[in-house]
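Residue numbers for the sequence shown follow my numbering, so the first one is 25 and each next one is one higher. Glycine is no exception: its CB is placed at the ideal position from the N, C-alpha and C atoms. A quick note: this is a predicted structure, and the numbers were derived from the prediction, not measured. For reference, the structure discussed in these notes is given below.
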Amino acid sequence: MNIKEKPLTRTRNSPKVRAVDQEIEPEAVGQVEPETNPLAWLTVEMVLIALIVIVGAGLRLWQLGNYPLSDVEAQQSLVAFQLANGEAIQSTNYSPLLVSLNGLAFLLFQDSGATARLASVLIGTILFLLPLTLRRQLGPAVTLIASALLAISPTALFLSRTVNSEIAVAVGALMIFAGFFNWSDSGQQRWLYLAAGGVAVALTAGPLGYSIIVMFAVVILIKLAAFRQLWDQGLSLAAANNDIESETASDDATEAVDRFPAALKQAGLFLLAAMLILSTAAMFNLSGLSVTTNLFMEWVSRFTFQPRLDGGFNAVFLLTLYEILTVVAGLVGLTFALLSRDLLKQSLAGWFIGALILDLVMIGRPTGSVILSLVPLTLLAGLALSTLADNLQQWGQWGNEGIILAAGVVILGFGYIGLTGWLVRVCGADDRFCQLAWLQSVAAVALFLVIVFFFGFVQNDAGISLRGLAITGVVLGLIAIIGFGWRLNYGRLENLAYQPLAGIPASTEVIDMMDTLSEESLLRAQDNHLIDVTLSGATPALLWQLRNFKNVTPTGSIITPPNTTAVITLTADDEQPNLGEAYIGQDFALNSVWSPVGLPAKELINWLIYREVTQRPQRGNQAILWLRYGAG
Numbered sequence: 025m026n027i028k029e030k031p032l033t034r035t036r037n038s039p040k041v042r043a044v045d046q047e048i049e050p051e052a053v054g055q056v057e058p059e060t061n062p063l064a065w066l067t068v069e070m071v072l073i074a075l076i077v078i079v080g081a082g083l084r085l086w087q088l089g090n091y092p093l094s095d096v097e098a099q100q101s102l103v104a105f106q107l108a109n110g111e112a113i114q115s116t117n118y119s120p121l122l123v124s125l126n127g128l129a130f131l132l133f134q135d136s137g138a139t140a141r142l143a144s145v146l147i148g149t150i151l152f153l154l155p156l157t158l159r160r161q162l163g164p165a166v167t168l169i170a171s172a173l174l175a176i177s178p179t180a181l182f183l184s185r186t187v188n189s190e191i192a193v194a195v196g197a198l199m200i201f202a203g204f205f206n207w208s209d210s211g212q213q214r215w216l217y218l219a220a221g222g223v224a225v226a227l228t229a230g231p232l233g234y235s236i237i238v239m240f241a242v243v244i245l246i247k248l249a250a251f252r253q254l255w256d257q258g259l260s261l262a263a264a265n266n267d268i269e270s271e272t273a274s275d276d277a278t279e280a281v282d283r284f285p286a287a288l289k290q291a292g293l294f295l296l297a298a299m300l301i302l303s304t305a306a307m308f309n310l311s312g313l314s315v316t317t318n319l320f321m322e323w324v325s326r327f328t329f330q331p332r333l334d335g336g337f338n339a340v341f342l343l344t345l346y347e348i349l350t351v352v353a354g355l356v357g358l359t360f361a362l363l364s365r366d367l368l369k370q371s372l373a374g375w376f377i378g379a380l381i382l383d384l385v386m387i388g389r390p391t392g393s394v395i396l397s398l399v400p401l402t403l404l405a406g407l408a409l410s411t412l413a414d415n416l417q418q419w420g421q422w423g424n425e426g427i428i429l430a431a432g433v434v435i436l437g438f439g440y441i442g443l444t445g446w447l448v449r450v451c452g453a454d455d456r457f458c459q460l461a462w463l464q465s466v467a468a469v470a471l472f473l474v475i476v477f478f479f480g481f482v483q484n485d486a487g488i489s490l491r492g493l494a495i496t497g498v499v500l501g502l503i504a505i506i507g508f509g510w511r512l513n514y515g516r517l518e519n520l521a522y523q524p525l526a527g528i529p530a531s532t533e534v535i536d537m538m539d540t541l542s543e544e545s546l547l548r549a550q551d552n553h554l555i556d557v558t559l560s561g562a563t564p565a566l567l568w569q570l571r572n573f574k575n576v577t578p579t580g581s582i583i584t585p586p587n588t589t590a591v592i593t594l595t596a597d598d599e600q601p602n603l604g605e606a607y608i609g610q611d612f613a614l615n616s617v618w619s620p621v622g623l624p625a626k627e628l629i630n631w632l633i634y635r636e637v638t639q640r641p642q643r644g645n646q647a648i649l650w651l652r653y654g655a656g
């Protein structure tokens with residue numbers, strides 16, 4: 025698919041030349057300045073980029089605070105909240121980059137769940153724009169498709185709307201990748217700065233930054249000769265950009281090498297400065313330096329045989345579950361890349377394969393580690409989808425591939441309706457017709473395949489069948505990922521536990537608990553946040569919810585009855601705290617836990633489509649809110 029640089033407006037009076045104009049003398053004609061179009065920059069490509077930015081940013085900002093913070097999110101946000109309020113930071117388990125950005129957000133805006141996620145929104149927006157920096161190497165069509173896929177990707181969208189370090193590591197990786205290949209093509213210093221900034225972002229974001237370093241190092245070692253040639257090319261171009269004559273740069277390699285270290289030193293100094301600023305919040309959080317240096321040991325500790333409580337599902341499972349279009353198209357693009365002699369495409373393939381391998385062997389992987397595999401896979405999918413678009417533009421016809429697409433949408437839609445009807449129907453033991461109703465979907469797929477191959481047979485062109493099948497798959501895949509993304513990011517909170525990518529989310533009962541406490545505070549202390557509370561044990565999410573309550577007294581265990589109006593305790597083995605008889609309590613679940621393991625076949629299919637089942641999630645950590653009798 026060729027996106028031409030055509031302006032969307034045309035010059036006035038360009039179609040015709042008036043008769044009066046023909047009588048102008050040659051001297052006068054030579055003196056007339058050509059009329060310039062002030063909107064020449066407004067090309068189709070620019071309009072598409074603007075549309076991607078609007079849609080991608082809008083999806084990330086809309087209902088940003090809809091879900092309460094989970095324990096993982098709250099742990100990061102509490103540190104940033106302490107930094108913004110000038111308090112001593114109590115934790116060493118956080119992302120220095122996120123704390124720096126979120127601390128700034130809390131200074132500029134009111135602290136809330138949405139504000140805590142603004143840094144992720146910014147980082148996620150940068151992520152889907154970064155593929156555009158590879159336009160020169162991959163072409164405008166490939167980069168536009170990749171940016172669009174990342175903008176609406178369920179996985180990238182969810183990680184851009186939650187507090188996590190993995191989305192920032194992915195941004196750093198793509199900055200390194202794009203910066204190096206653009207520098208080797210142009211020798212411009214700004215691309216070295218982009219690559220150096222990517223290293224700083226990746227190494228200050230979280231422990232998975234070292235996965236990026238390892239993957240890229242292995243790819244370079246495998247293709248060492250090709251990368252050395254590319255490096256030398258960058259040296260020569262960098263020397264030429266430093267006002268060295270092209271003849272001298274090509275003939276005197278020693279001078280080129282001698283001139284380059286100056287640019288390398290500048291990039292190195294930029295890297296050190298960026299790491300210092302990002303890890304310490306511009307020197308306002310000096311403890312961030314030690315946390316940054318400990319990220320390597322945190323990365324090593326995740327390679328364990330014992331699953332971690334904060335561990336996530338592997339990337340193969342999550343990609344198949346949420347990114348079906350990107351997976352299928354990306355595997356086709358992976359084949360193209362492996363067969364290609366282009367080093368950049370081969371590097372994308374190596375990045376994807378390396379990320380998958382590291383993800384599989386890292387048993388203690390964080391939930392968001394899937395994004396490291398998704399980014400190169402999306403660029404590979406862009407290669408495949410761009411090739412499909414070129415083939416359709418060159419050989420496709422509405423009378424062939426168009427009919428296949430229309431038939432596929434109608435027939436497969438009919439099969440989908442039949443499948444969902446079977447899923448919601450309760451079949452009796454003797455009702456064979458009801459039990460076999462799922463065969464309607466199988467028949468619909470079979471009928472569609474017959475139509476597909478019929479067109480190829482009649483036209484004596486297998487390409488028609490393949491293109492028709494491919495474009496139908498793309499349309500249905502887009503519908504699928506949009507539906508999955510909507511349920512994941514904007515669905516009801518009580519259904520979030522059914523989403524494997526969400527990890528262990530907060531429960532709806534957390535909101536009920538805070539509403540109850542605020543109402544009692546207003547009733548007893550004439551203010552929503554002035555009730556006196558004794559807190560015996562707490563999770564990060566609970567501490568985040570209590571951050572604005574002024575009279576909270578933490579305590580290890582309750583030995584003697586407290587004198588406060590409210591008491592919050594964590595349940596443990598049904599032990600009752602020593603509160604006396606002056607309190608009445610109500611338990612609330614703080615988070616929800618659920619797993620698809622062990623589901624019957626019919627329930628499993630229903631979950632794969634709708635991401636919910638009849639079985640309710642288990643209640644995770646629980647707290648009891650105790651209130652003193654009377655008005656306190």
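- Between the region 207–221 and the region 286–300, the count of C-beta pairs closer than 8 angstroms reaches three or more; the two stretches touch.
- With contact defined as three or more Cβ pairs closer than 8 angstroms, the region 379–388 and the region 229–241 are in contact.
- Selection Ala-140, Glu-111, Leu-66 evaluated against Ser-94 yields Ala-140 as nearest (Cα-Cα).
- Ranked by Cα distance from Asn-587, the first of Tyr-607, Thr-593, Arg-571, Gly-580 is Tyr-607.
- Going by beta carbons, Leu-401 and Gly-354 fall inside the 8 angstroms limit.
- Judged by DSSP in its simplified three-state form, Phe-341 adopts helix.
- With fewer than 16 other CB atoms across the displayed protein chains lying within 10 angstroms of its CB, Glu-111 is exposed.
- For the options Ala-565, Pro-120, Leu-254, Leu-156, the alpha carbon positioned closest to that of Pro-231 is the one of Pro-120.
- Ranked by how close their Cα comes to the Cα of Val-637, the residues Phe-201, Lys-574, Val-223, Ser-619 have Ser-619 in first place.
- For Arg-84, the enclosing alpha helix (DSSP H) stretches over residues 68–85.
- Taking a contact to require three or more Cβ pairs closer than 8 angstroms, the region 348–364 and the region 494–502 qualify as touching.
- Going by beta carbons, Gly-374 and Ile-200 fall outside the 8 angstroms limit.
- DSSP places Gln-290 within a helical segment (H, G or I) once states are collapsed to three.
- A residue is called buried when at least 16 other Cβ atoms come within 10 angstroms of its Cβ; Gly-312 meets this threshold and is buried.
- Collapsing the DSSP output to three states places Arg-456 in a helix.
- A straight-line Cα-Cα distance of about 14 angstroms links Met-537 and Ala-562.
- For Thr-139, the uninterrupted alpha helix (DSSP H) segment begins and ends at 137–140.
- Closest in alpha carbon position to Phe-341, among Ile-475, Thr-328, Ser-397, is Ser-397.
- Assignment of Arg-326 by DSSP, reduced to helix, strand and coil, places it in the coil class.
- The three-state secondary structure of Tyr-634, taken from DSSP, is helix.
- Leaving aside the five residues that flank Ile-147 on each side, the residues in its chain whose CB is nearer than 6 angstroms to its CB run, in chain order, Ile-191, Ala-192, Val-195.
- In its chain, beyond the 5 residues on either side, Thr-179, Ala-180, Leu-183, Glu-190, Ile-191, Ala-194 have a beta carbon closer than 7 angstroms to the beta carbon of Ile-395.
- When the alpha-carbon of Val-187 is set against those of Ala-108, Glu-97, Val-324, the nearest one is in Glu-97.
- Relative to Leu-107, the option among Ala-262, Leu-463, Gly-437, Val-123 whose CA is nearest is Val-123.
- In the three-state reduction of the DSSP assignment, Asn-424 falls in the helix class.
- The region 463–471 makes contact with the region 423–441; the number of CB pairs closer than 8 angstroms reaches 3 or more.
- Every unbroken stretch of the alpha helix (DSSP H) spanning 4 or more residues and falling wholly within the region 393–422 is given here in chain order: 395–419.
- Beta-bridge partners assigned by DSSP to Tyr-607: Arg-652.
- Membership of Val-557 in any alpha helix (DSSP H) is not indicated; the residue belongs instead to the beta strand (DSSP E) covering 556–560.
- Taking the CA atoms as reference points, Ser-393 sits about 15 angstroms from Val-324.
- Scanning its chain for C-beta atoms nearer than 7 angstroms, with the 5 sequence neighbours on each side dropped, one finds around Leu-546 the residues Asn-552, in chain order.
- According to the DSSP secondary-structure assignment, Phe-612 is paired through a beta bridge with Ala-647.
- The Cβ atoms of Pro-564 and Ile-582 do not sit closer than 8 angstroms to each other.
- Residue Lys-626 holds the alpha-carbon nearest to the alpha-carbon of Val-450 among Lys-626, Asn-126, Leu-566, Ile-427.
- Checking the DSSP bridge columns, you'll see Ala-590 partnered with Val-557, Leu-651.
- Within the same chain, and ignoring the five residues on either side of Ala-467 in sequence, the residues whose Cβ sits closer than 8 angstroms to its Cβ are Gly-439.
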